[in-house]
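J.: Residue numbers (our numbering): 121 to 284. All residues carry an ideal CB built from backbone N, CA and C; glycine is no exception.
(1) Give every residue of the same chain whose Cβ lies closer than 7 Å to the Cβ of residue 238, excluding the five residues on either side of it in the sequence, and list them in chain order.
(2) Quick check on the DSSP output: the alpha helix (DSSP H) that includes residue 198 runs from which residue to which?
(3) Could you tell me the distance, in whole angstroms, from the CA atom of residue 206 to the CA atom of residue 221?
(4) For residue 204 versus residue 251, is the C-beta spacing smaller than 7 Å?
(5) Can you give the Cα-Cα distance for residue 162 and residue 171, rounded to whole angstroms?
(6) Can you give me the Cβ contacts of residue 214 inside the same chain, cut-off strictly under 7 Å, excluding the 5 residues immediately before and after it?
(7) Skipping 5 residues on each side, what residues in its chain have a beta carbon closer than 7 Å to that of residue 228?
(8) Residue 175: buried (16+ other C-beta within 10 angstroms of its C-beta) or exposed?
(9) Apart from the five residues on each side of it in sequence, which residues of its chain come closer than 7 Å, Cβ to Cβ, to residue 259?
(10) For residue 256, which option in 265, 247 and 200 has the closest C-alpha, if you only look at C-alpha atoms?
(11) Quick one, which of 144, 219 and 232 has its alpha-carbon nearest residue 248's?
(12) With H, G and I counted as helix, E and B as strand and the rest as coil, what does DSSP make of residue 177?
(13) I'd like the span of the alpha helix (DSSP H) that includes residue 122, first residue to last.
(14) In angstroms, rounded to a whole number, what distance separates the CA positions of residue 263 and residue 240?
(15) Excluding sequence positions up to five away, which residues of its chain have a Cβ less than 8 Å from the Cβ of residue 218?
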């Protein structure tokens, strides 16, 4: 396409700089922000810190598969049961150092008898008290308490092994 005669030939004069790069940073970069939990840098275990693991948000997709299978007693709310079960499933997945899978949720819900109808009245009363109010934005402590009550030994059995 032809250029009109009123347009200068050099759009940017050679004396002005169109781009300058930032100054070079000496030394290597290190992730040292307080929000980053890297292996070996800090102790990431303790009360209320949870169980970090990769791609934990995937459990929210998986939990939809279990919602129709949950067997709740009177006075139990699905949102509370899901919140507590997700916390236990994420703890199990982090023990294996991987993202959550459906088996993690099955083990978590089985531990409290949410996938069966043969549950003792004592267990129903205990889990109703334990899971009450676990759902919600401001109930992190309740969800953490549920996950912390389950020992790691109960979450480590193989796929075909029932939890002890």
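T.: Inspection of the coordinates gives the following:
(1) One-based indexing of the chain shown puts residue 238 at position 118. So no residue of the chain qualifies.
(2) Locating residue 198 in the chain shown gives position 78, counting from the first residue. 198-215 is the span of the alpha helix (DSSP H), which, as asked, contains residue 198.
(3) Against the chain shown, residue 206 aligns to sequence position 86. Against the chain shown, residue 221 aligns to sequence position 101. Computed Cα separation, rounded: 11 Å.
(4) Sequence index remark: in the chain shown, residue 204 carries index 84 (1-based). Sequence index remark: in the chain shown, residue 251 carries index 131 (1-based). Contact flag set, yes.
(5) The count along the chain shown starts at 1 and reaches residue 162 at position 42. The count along the chain shown starts at 1 and reaches residue 171 at position 51. Any answer about residue 162 is weak, because its pLDDT of 49 lies below 50 and its placement is not dependable; what the coordinates show is given next. So the alpha carbons of these two residues sit roughly 14 Å apart.
(6) Indexing the chain shown from 1 puts residue 214 at position 94. So the list reads 171, 172 and 173, once near-sequence residues are dropped.
(7) The residue given as residue 228 occupies position 108 in the chain shown. Here the set comprises 205, 208, 209 and 212.
(8) As a first step, residue 175 must be located in the chain shown, where it is residue number 55. Residue 175 should be labelled exposed.
(9) Within the chain shown, the letter at position 139 stands for residue 259. Excluding sequence neighbours, residue 259 sits near 253.
(10) Here residue 256 refers to the residue found at position 136 of the chain shown. Nearest option by C-alpha distance: 200.
(11) Stepping through the chain shown from its first residue, residue 248 is reached at position 128. It is 232 whose Cα lies nearest to the Cα of residue 248.
(12) In the chain shown, the residue the question calls residue 177 occupies position 57. In this structure, residue 177 counts as helix in the three-state DSSP scheme.
(13) Here residue 122 corresponds to residue number 2 of the chain shown, with the count starting at 1. Segment: none, residue 122 is in no alpha helix (DSSP H) and carries neither H nor E.
(14) As a working note, residue 263 is residue 143 in the chain shown. As a working note, residue 240 is residue 120 in the chain shown. Spanning the two alpha carbons is a distance of roughly 23 Å.
(15) Position 98 of the chain shown holds residue 218. Cβ within range, chain order: 173 and 174.
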